[in-house]
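Everything below concerns the one structure shown next.
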Amino acid sequence: MNEVLVIGAGIAGIQAALDLAEQGLRVHLVERLPSIGGRMAQLDKTFPTNDCSTCILAPKMVDCSRHPNIVPHTYSEVEAVEGEAGQFDVRVRKRARYVDETRCTGCGECASKCPRKVPDAFNLGLSQRRAIYLYFPQAVPMVMTIDPEQCTYLQRGKCGLCAQVCEAGAIDFEQQDLLLDLCVDAIVVATGFDFYNPAPLTQYGYQRYPNVITALEYERLISASGPTGGHLLRPSDGQPAKKIGFIQCTGSRHVRHNRYCSTVCCVHAIKEATLAWEHDHDADSYVFYTDLRGSGKGFREYMDRAGRAYGVTYVHGRVAQIFELGPGSDSAGETHKPVIRYEDATTGRVAEMAVDLAVLATSLVPAHDAPLLAGILGIDMDEYGFVKTEPFSPADTSRPGIVACGCCLGPADIPQSVAQASAAAARAAEIAWELVRPRHREKG
Amino acid sequence: MDGFESRRPQRIPQRRPWSITQQQTARGPGDDPRIGVFICHCGHNIAGYLDVAALVASARSLPFVVLAQDSLFTCSDAGLNQIRTAIAEHGLNRVVVASCTPRTHEPLFQSACDEAGLNRYLFEFVNIRDQCSWVHMEDGERATRKARDLIRMGVARAALLQPLTETELAIQPAAAVIGGGMAGMTAAGSLARRGFSVTLIEREPALGGSVRHLDTLYPNRTSARKLVEAQVAAVRAEPQIEVLTSAEVTAVRGSIGHFELEVESRQYRMKLPVQAGVVVVATGAEEWKPAGMYGYGHNPAVITQQELEERLSTGDLPPDLRSVVMIQCVGARDAHHPYCGRTCCLVAMKNAMILKEGNPACQVHVLYRDIEVYGTHFEDYYAQARELGVVFTRYTPDRPPEVVGDQGRAGDKQTPVPPGRVLVYDELLGATLAIPYDLLVLSTPMVPRPGARELAQMLKVPVDEHGFFLEAHVKLRPLDFATDGIYLCGSAHWPAHLDEAIGQALGAAARAATVLSKEQIRSSGIVSRVEESLCRGCERCATACEYGAIEFVDVTRSVEFLHRPMARGLETVHVKVARVNPMLCKGCGACAVVCPTSAMVASHFTGEQVAAMIRAALQAPAAMGEDHGTL
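These protein sequence lines are chains L and Y, in that order.
Counting from 20, one number per residue, gives the positions in the first sequence under this note's numbering.
Counting from 985, one number per residue, gives the positions in the second sequence under this note's numbering.
Right under this line is the structure:
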């Protein structure tokens, strides 16, 4: 059977893997993190239908894990690629979880006993997890992982409580990284994106002011499976946020940061504002925008409806600065209230607005290890560090046999990523197919 | 059954014959229902509003329920494992899940039943999210009671569920692609390279679609003509692709695996049958003509972007244009079309740059609402246009541009008249600008092609409120229709840039290939069934069926004449009876409703099952001493 490697198991990688597997190809799905699911798993709901993200993603994750033609390699990374289309030799490092995947049931008893608390990466550090952890509650595979940097036993040879309480006997402190050698016909790159760290935009006070957060942090706060159980609470004092400012183009369309438009942030912010209203009809949201962009199917109607009915006000103007009110300057005695200073483009005047929560729509940027992977794969990147394709062959990278989809190509929304994933699957299948059946040259 | 009675079956059931037969086949003696109920929190979506613990407790008290449990996300790996384990451990023979919607999740839970050895049709779905927690989020207590009632109804039906069987059908490894533009040609090419034969059906005499009418393409000034010609040549050279131009689909029969399209060919002056296992819709879209807006239609100096593009490509423009004004969002994001046209900003920029490069002295103004240049490359394109000196001025819908004065010059070179002007309020300057124009170019959105609705009806697929084809799921199934075996790409779905349309076309090809790669597919088990002995061939069911799933066949029956003393004995008669094609039947039950003899049975939704649900709905649990509580 012909085999294809898919790198990255977010929604794009999952869709590509399913499309390939359903065509009868064997798929190796390599994911760096302990679970498949990618960014979409971190979202609460999705625009423009407000479908619960987990609810529509989880079935696809499960399909992937159950498909007879898909072999998921989670907590694994591609280390080397040699050869050419039709015969790539790929080395994959499967990192040690220190947990036997075949035995672990994901019951979580170990995590409840583990004494070591560390910031939870899935919740962006807004909550804490233990040194042994499940990446997120709906993880696939439903298997615990030990963080070797944080585990007291692995660091100092003491503790081992997890091994004592594990009834399945799944803890294995002796586990080693595993090297897999695969031979595949084609490679699909679906490694996604990172969010821009807005710290260099010092005028917005991110990490200096507790109530200035990023859009993804907001997503975790408002998610039922997030650190506050879905209650939109201000990080400074745990009080409900009633007035929220969304600052668009944080790092995007900016000559000193990222020149490009991050594509999804306008509708994303409007969705987040809509969710605030859904949770609390008294919530008021203000979206400070440069251009209000949303041309996907149903997006503009969604944006108009939010403005009409869901307490969302659109303010045309770029935000110059965010500062905090000093103690006692607010009549209610509130502290840590972010004040947004902006130019209202319709009046041409500089104005200020105090809010409970300021949400930065940070740029979508290439994944931090994208240059490394590009080197391993031998593919060209564009000037921003996204995978380069030619305009009218949107799935093909510069190296024959390697195709790409999703946000590793540049910012894209979920339907675009899914369509691109199917496109990449088509191209990868064409490559694999040409090897098993000679082309029919004669008509009929 | 005038004057005779059939011999087979021996005993004709007097009432509800279907349920009796089904009970006999499905549930043997001692096989009492053992129902497991699984109630989902759906994170916050259900548990945030409903009292899940109370629902579990009330489910536990229902007849035949041997197990009731809750879980945070029943659709997750852990949740499905919980179901599979419970089937084995508790000997469940019916499973009820109370969670979200069967639209997305029923197959998943059914598969979990399958995997645990339980016929997938012994699964019952209760939607307590969309129907309770979401619609009644302001009244959790009564919403909980409604959920409890719905679960009770689901359990009552589950007790009567019967195992059903699915039919298998061979797949014809060929595709029909409707629309020979760039998207259709790309999809056809990909499928052909995969080894499938393709019929490419194009209405126009030539392949190429709307790109044929363009001059150059953004972002790299590729010649549209060259790109189309290369693609057409590739399609024509591909032995696996049969191209039918000047051809239109006039009828569609069949379903996934074996579609039969009737194609009227103007070239061959005949109707051609096209057989295919799958259909790809790539019919594109076209520019909307803004009749009467800004003088379009009577002022020759007012044209659309596509008309400008045609003139650019033919060189039919005055060489000394001094000022061109482009207005964006004409007929878009307004009462004509509430949506954003997606592509028009880029088109305007491209044409503005071509004008500016051809004649740097020409002023080009673009009046816009929001510049829609998303992604990495388009923003650069916007910057290039500004660097070339194209002036972008933002307007708001409450102060739209206005055209005053006479017409521009482009229409009438012989007798120059004072140029017309466009008045626009510039919010950055806080002043109204009067921009003279020689040419006023209106950027209008793409709209569905004429005939799209008719094609949709033939294929039995939906269109959205604007007339674009409606996909199965906006987020996760952008290239599929809800009807299996039909796929979608390009601007027929929604206005798309060319690179997006090409990507979608490749994607639709992959989706189609997932079907064509298989040798056979299965029908649903939920299809209508005919109790032939009761059918008298009145054809009312066929009239009611929207899917053409019912045909009539002659069968022979041995009958015994009881009431004719002279001709007593067995005799063979020919009778006409209905037959259901399980591949076409959607299980809607319309046939069962109109059948006067109850010969048509809607499997999975039998009269007895539905009656049981109604009885359960009306049965307020007396112990709780409440009103019915259903909202």
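C-beta: ideal position from N, C-alpha, C; glycine also.
Between the C-alpha atoms of TRP296 (chain L) and CYS268 (chain L) there is a straight-line separation of about 22 Å. For VAL1458 (chain Y), a Cβ of chain L is located within less than 7 Å of the residue's own Cβ.
Contact annotation: the stretch 1444-1464 of chain Y does not touch the stretch 393-404 of chain L, with fewer than three C-beta pairs closer than 8 Å.
Counting only unbroken stretches of 3 or more residues, the beta strand (DSSP E) elements lying wholly within the stretch 181-247 of chain L are 197-203, 205-208, 212-214 and 231-233, in sequence order. Within the model, the alpha-carbon separation for GLU1363 (chain Y) versus HIS1349 (chain Y) is close to 18 Å.
Excluding the 5 residues flanking it on each side, GLU103 (chain L) has same chain C-beta neighbours closer than 8 Å at PRO419 and GLY420, in chain order. Per DSSP, reduced to three states, the secondary structure at LEU1417 (chain Y) is strand.
Take the alpha-carbon of THR332 (chain L) and the one of GLY367 (chain L): they are about 18 Å apart. CA-CA distance, ASN1343 (chain Y) to GLY1179 (chain Y), rounds to 50 Å.
The beta carbons of TYR1358 (chain Y) and ARG312 (chain L) sit closer together than 7 Å. For THR365 (chain L), the chain Y residues whose Cβ falls inside 7 Å of its Cβ are GLU1411, in order along the chain.
Interface residue (Cβ-Cβ distance to chain Y less than 7 Å): ALA205 (chain L) is not classified as such.
Chain-ordered listing is empty here: chain L has no CB closer than 7 Å to the CB of THR1267 (chain Y), the nearest sitting near 16 Å. Close CB contacts of GLU291 (chain L) within its chain, under the 6 Å cut and outside five residues either way in sequence, are with TYR237 (chain order).
With contacts defined as CB atoms closer than 7 Å, ALA260 (chain L) and THR293 (chain L) fail to qualify as a contacting pair. For the stretch 92-117 of chain L, the set of residues with a beta-carbon nearer than 7 Å to any beta-carbon of chain Y is empty.
SER412 (chain L) is bridged by DSSP to L:GLU409. For PRO78 (chain L), the enclosing alpha helix (DSSP H) has its first and last residue at 72-85.
Taking all protein chains shown into account, GLU1226 (chain Y) has 16 or more neighbouring C-beta atoms within 10 Å of its C-beta and is therefore buried. By the C-beta criterion, the stretch 1236-1249 of chain Y is judged not to be in contact with the stretch 1288-1302 of chain Y, since fewer than 3 inter-stretch pairs fall below 8 Å.
Between the alpha carbons of ALA364 (chain L) and GLN1224 (chain Y) lies a distance of about 58 Å. Per the C-alpha coordinates, the member of L:GLN340, L:THR73, L:GLY317 and L:ILE266 positioned closest to ASP310 (chain L) is L:ILE266.
No Cβ-Cβ contact shorter than 7 Å links TYR223 (chain L) with ILE359 (chain L). At a cut-off of 7 Å, the C-beta of PRO1462 (chain Y) has a neighbouring C-beta in chain L.
The distance from the Cβ of LEU1482 (chain Y) to that of THR1581 (chain Y) is about 57 Å, inconsistent with a contact at the 8 Å cut-off. Taking the Cα of LYS1444 (chain Y) as reference, the smallest distance to any Cα among Y:ARG1433, Y:LEU1423, Y:VAL1431 and Y:GLY1469 is reached at Y:GLY1469. Here PRO91 (chain L) is bridged, per DSSP, to L:LEU48.
Within the stretch 1057-1077 of chain Y, those residues whose Cβ lies closer than 9 Å to any Cβ of chain L are, in chain order, PHE1057, CYS1059, SER1060, ASP1061, ALA1062, GLY1063, LEU1064 and ASN1065. When secondary structure is reduced to three states using DSSP, GLN147 (chain L) falls in the strand class.
With respect to HIS1089 (chain Y), CYS1116 (chain Y) sits apart: the two C-beta atoms are not nearer than 7 Å. Segment contact: the stretch 116-134 of chain L against the stretch 64-71 of chain L, fewer than three CB-CB distances shorter than 8 Å; contact not assigned. Chain order gives the chain Y residues near GLY429 (chain L) as GLY1359, THR1360 and HIS1361, where near means a beta carbon separation below 9 Å.
Classified as buried, HIS92 (chain L) has 16 or more neighbouring CB atoms from the shown chains inside 10 Å of its CB.
Below 8 Å, enough C-beta pairs join the stretch 1557-1570 of chain Y and the stretch 1508-1524 of chain Y to call them touching: three or more. Per DSSP, ASN1335 (chain Y) lies in no beta strand (DSSP E); the unbroken alpha helix (DSSP H) holding it starts and ends at 1328-1342.
Among the residues facing chain Y, THR381 (chain L) is not included, as its CB has no counterpart in that chain under 7 Å away.
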